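Colleague: What follows is a structure written as structure tokens; I'll ask about it next.
Residue numbers (our numbering), protein chains in the order written: chain A, 1 to 197; chain B, 1001 to 1197.
Rendered as structure tokens:
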């Protein structure tokens, strides 16, 4: 049979490093891959391609294959800048099709418990971009977690002196949800942020 | 940002082919891999290695890197042969440390609904191994599913004329389970197969 040092067991070991993949799932994935050598080749090739080609955009730090990325080099409104924690959040905002401005990816969030301070994020680069003068509004779109809120607060403090308009994504009841089942804190935010009709 | 044809999106496409991995999970895995180029290289390399090195053993059809496999070439009892559906089941039996004989992997199970008949399995090879004369007992360890039971029945029919002893793994209450919560069919099997103390 197969020893611990066999390539299949090493594949299981590599798959186990993925989030949410334990020993059993890794084994299942490995045996699934084993059935199709073509899929193994394709996955192996595309992994090398991603490793060699994908990198952060030099302007907004979103992951991209071209530099600057298609958003920075496209015909977007350059007066508005949306600050996000990572490229996944950027993609979620892009999927909404509701934003036509530029982005700035922080590549993380202030988290003293994990030892991540403002210096570990792309804050200096953000301040530099704002200082260039073409930005009129900054939309802070960090997550509504303790770390995301702390980061938003910090960015507000740092950017306020530049005189640029600073906004934050709205908190409130998500679409399609029943107020009955929404948590109390969200209802509180929704009440505080109520809009006149 | 990234287009559909970008390498990252193709990586997501490849990951989505894995069992239990949907669009969101694939994206999460891809972004996780993106953080570590070293892991990407390791996974890519080991995939190629598995593709090139792992193959079925020419004797028992278990997946292996050597030929014959370590079980077939080791010092195991050659008089007893355990018939399993696939290499995963073989690994489960090996983990029990309760079996010291040889194996025969069918590489599937009879399933008329999926168009899989005995000719698609390693039945001919099994009959040939038994005909060689060294096998005294065959333990049928196909799963207790409709297909597994049908396969066991078919193998019994085919192997009976050889005069070799044929046994089947015991059905019954699994270890550590409460009889109250065990399904009726299993209780029925446990009663029928009760052992005198």
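From the three backbone atoms N, C-alpha and C, an ideal C-beta is built for every residue, glycine too.
Keep in mind it's a predicted model, so treat the numbers as computed, not measured.
Residues of chain A with CB closer than 7 Å to the CB of residue 1157(B), please, in chain order.
Modeller: As a working note, residue 1157(B) is residue 157 in the second chain. What residue 1157(B) touches in chain A: nothing, since even the nearest Cβ is about 29 Å away.
Colleague: Which runs of the alpha helix (DSSP H), 4 residues or longer, sit entirely within the stretch 4 to 33 of chain A?
Modeller: DSSP runs (the alpha helix (DSSP H)) wholly in the stretch 4 to 33 of chain A: 7 to 16.
Colleague: With distances taken Cα to Cα, identify the nearest neighbour of residue 1193(B) among 1128(B), 1107(B), 1170(B).
Modeller: The residue given as residue 1193(B) occupies position 193 in the second chain. Among 1128(B), 1107(B), 1170(B), the Cα nearest to that of residue 1193(B) is on 1170(B).
Colleague: For a contact meaning CB atoms closer than 9 Å, what does residue 1092(B) contact in chain A?
Modeller: For the purposes of this step, residue 1092(B) is taken as the residue at position 92 of the second chain. Those within 9 Å of residue 1092(B) in chain A number zero; the least Cβ separation is about 10 Å.
Colleague: Are the beta-carbon atoms of residue 1083(B) and residue 1090(B) separated by less than 7 Å?
Modeller: As a position in the second chain, residue 1083(B) is number 83, starting the count at 1. As a position in the second chain, residue 1090(B) is number 90, starting the count at 1. No, they are not a contact pair.
Colleague: Quick one: is residue 1188(B) near chain A, going by C-beta distance under 7 Å?
Modeller: Taking the first residue of the second chain as 1, we reach residue 1188(B) at position 188. Answer no: the Cβ-Cβ gap between residue 1188(B) and chain A never drops below 7 Å.
Colleague: I need the boundaries of the alpha helix (DSSP H) containing residue 71(A), first residue and last residue.
Modeller: If you number the first chain from 1, residue 71(A) lands on position 71. 70 to 73 is the span of the alpha helix (DSSP H), which, as asked, contains residue 71(A).
Colleague: Please tell me whether residue 10(A) has its Cβ less than 7 Å away from any Cβ of chain B.
Modeller: Here residue 10(A) corresponds to residue number 10 of the first chain, with the count starting at 1. Answer yes: the Cβ-Cβ gap between residue 10(A) and chain B drops below 7 Å somewhere.
Colleague: So what does residue 1168(B) bridge to, in DSSP terms?
Modeller: Residue 1168(B) sits at position 168 when you count from the first residue of the second chain. Answer by DSSP bridge pairing, in chain order: 1140(B).
Colleague: Could you give the distance in angstroms between the alpha-carbon of residue 135(A) and the alpha-carbon of residue 39(A)?
Modeller: Position 135 of the first chain, counting from 1, holds the residue named residue 135(A). Position 39 of the first chain, counting from 1, holds the residue named residue 39(A). For residue 135(A) and residue 39(A), the distance between alpha carbons rounds to 46 Å.
Colleague: Give me whichever residues DSSP pairs with residue 82(A) in a beta bridge.
Modeller: Reading the first chain from its first residue, position 82 is the one you call residue 82(A). According to DSSP, which records beta bridges pairwise, residue 82(A) is partnered with 103(A), 139(A).
Colleague: Would you kindly work out how many angstroms separate the C-alpha atoms of residue 130(A) and residue 155(A), rounded to a whole number?
Modeller: Residue mapping note: residue 130(A) aligns to position 130 of the first chain, counting from 1. Residue mapping note: residue 155(A) aligns to position 155 of the first chain, counting from 1. So the two alpha carbons sit approximately 12 Å from each other.
Colleague: Quick check: is the beta carbon of residue 61(A) nearer than 7 Å to any beta carbon in chain B?
Modeller: Walking along the first chain from the start, residue 61(A) turns up at place 61. It does not: the Cβ of residue 61(A) has no partner Cβ on chain B nearer than 7 Å.
Colleague: Do the CB positions of residue 1113(B) and residue 50(A) come within less than 7 Å of each other?
Modeller: Within the second chain, residue 1113(B) is the residue found at index 113, counting from 1. Within the first chain, residue 50(A) is the residue found at index 50, counting from 1. No. Outside cutoff.
Colleague: Counting only C-beta atoms, is residue 17(A) closer than 7 Å to chain B at any point?
Modeller: Walking along the first chain from the start, residue 17(A) turns up at place 17. Answer yes: the Cβ-Cβ gap between residue 17(A) and chain B drops below 7 Å somewhere.
Colleague: Can residue 46(A) and residue 1010(B) be called in contact, C-beta distance under 7 Å?
Modeller: Within the first chain, the letter at position 46 stands for residue 46(A). Within the second chain, the letter at position 10 stands for residue 1010(B). Against a cut-off of 7 Å, the Cβ pair of residue 1010(B) and residue 46(A) comes out as a contact.
Colleague: Could you check whether residue 1030(B) and residue 1016(B) sit closer than 7 Å to each other, using their CB atoms as the reference points?
Modeller: Reading the second chain from its first residue, position 16 is the one you call residue 1016(B). Reading the second chain from its first residue, position 30 is the one you call residue 1030(B). Taking 7 Å as the Cβ cut-off, residue 1016(B) and residue 1030(B) do not qualify as a contacting pair.
Colleague: Going by beta carbon distance, what residues of the same chain come within less than 7 Å of residue 1065(B), once the five residues before and after it are set aside?
Modeller: Position 65 of the second chain, counted from the first residue, corresponds to residue 1065(B). Only 1053, 1054 meet the Cβ criterion.
Colleague: Any beta-carbon of chain A closer than 7 Å to the one on residue 1051(B)?
Modeller: Taking the second chain and counting its residues from 1, the one referred to as residue 1051(B) is at position 51. Closer than 7 Å: yes.
Colleague: List, in chain order, every chain A residue whose beta-carbon is nearer than 9 Å to that of residue 1082(B).
Modeller: Here the question's residue 1082(B) lines up with position 82 in the second chain. The contacting residues do not exist; residue 1082(B) stays about 12 Å from chain A at best.
Colleague: Buried or exposed, going by whether 16 or more other CB atoms sit within 10 Å of the CB of residue 163(A)?
Modeller: As a first step, residue 163(A) must be located in the first chain, where it is residue number 163. Result: exposed.
Colleague: What does the alpha-carbon distance come out to for the pair residue 182(A) and residue 1182(B)?
Modeller: One-based indexing of the first chain puts residue 182(A) at position 182. One-based indexing of the second chain puts residue 1182(B) at position 182. Looking at the two C-alpha atoms, the distance is approximately 38 Å.
Colleague: Which partner residues does residue 1041(B) have in the DSSP bridge list?
Modeller: Looking up residue 1041(B) in the second chain gives position 41. In the DSSP output, where bridge partners are listed per residue, residue 1041(B) has none listed.
Colleague: Can you give the Cα-Cα distance for residue 63(A) and residue 43(A), rounded to whole angstroms?
Modeller: For the purposes of this step, residue 63(A) is taken as the residue at position 63 of the first chain. For the purposes of this step, residue 43(A) is taken as the residue at position 43 of the first chain. Approximately 20 Å, taken between the alpha carbons.
Colleague: Between residue 1105(B) and residue 1148(B), how many whole angstroms is the CB-CB distance? I'm expecting something under 8 Å.
Modeller: Within the second chain, numbered from 1, the residue matching residue 1105(B) stands at position 105. Within the second chain, numbered from 1, the residue matching residue 1148(B) stands at position 148. Not really, about 14 Å apart at Cβ, beyond 8 Å.
Colleague: Helix, strand or coil for residue 56(A) per DSSP?
Modeller: For this step, residue 56(A) is matched to residue 56 along the first chain. Correct three-state label for residue 56(A): strand.
Colleague: Drop a sphere of 10 angstroms on the beta-carbon of residue 1036(B), count the other beta-carbons inside from all chains shown, and report buried for 16 or more, exposed for fewer.
Modeller: Numbered from its first residue, the second chain carries residue 1036(B) at position 36. Under this definition residue 1036(B) is an exposed residue.
Colleague: Check whether the Cβ atoms of residue 81(A) and residue 138(A) lie closer than 7 Å to each other.
Modeller: To locate residue 81(A), count along the first chain from 1; it is residue 81. To locate residue 138(A), count along the first chain from 1; it is residue 138. Yes. Within cutoff.
Colleague: Between which two residues does the alpha helix (DSSP H) containing residue 1147(B) stretch?
Modeller: Numbered from 1 along the second chain, position 147 holds the residue referred to as residue 1147(B). That run of the alpha helix (DSSP H) goes 1146 to 1159.
Colleague: Along chain A, which residues have their Cβ under 7 Å away from the Cβ of residue 1041(B)?
Modeller: Stepping through the second chain from its first residue, residue 1041(B) is reached at position 41. Simply 51.
Colleague: Can you grab the Cα-Cα spacing for the pair residue 1121(B) / residue 1127(B), in whole Å?
Modeller: By 1-based counting over the second chain, the position of residue 1121(B) is 121. By 1-based counting over the second chain, the position of residue 1127(B) is 127. The straight-line gap from Cα to Cα measures roughly 12 Å.
Colleague: Name the chain A residues whose beta carbon is nearer than 8 Å to that of residue 1014(B)?
Modeller: In the second chain, the residue the question calls residue 1014(B) occupies position 14. In chain order: 39, 42, 43, 46.
Colleague: Are the beta-carbon atoms belonging to residue 1077(B) and residue 1100(B) less than 7 Å from one another?
Modeller: Residue numbering aside, residue 1077(B) sits at position 77 when the second chain is read from its first letter. Residue numbering aside, residue 1100(B) sits at position 100 when the second chain is read from its first letter. Result yes, Cβ atoms of residue 1077(B) and residue 1100(B) sit closer than 7 Å.
Colleague: Could you tell me whether the Cβ atoms of residue 1067(B) and residue 1058(B) are closer together than 7 Å?
Modeller: Position 67 of the second chain holds residue 1067(B). Position 58 of the second chain holds residue 1058(B). Yes, these two residues count as a Cβ contact at 7 Å.
Colleague: Distance check for residue 1167(B) and residue 1195(B), CA to CA, integer angstroms please.
Modeller: Indexing the second chain from 1 puts residue 1195(B) at position 195. Indexing the second chain from 1 puts residue 1167(B) at position 167. The alpha-carbon atoms of residue 1195(B) and residue 1167(B) are separated by roughly 16 Å.
Colleague: If you drop the 5 nearest sequence neighbours on each side, which residues of the same chain put their C-beta closer than 8 Å to that of residue 86(A)?
Modeller: Within the first chain, the letter at position 86 stands for residue 86(A). Once the five neighbours on either side are set aside, the close Cβ partners of residue 86(A) are 105, 106, 107, 108.
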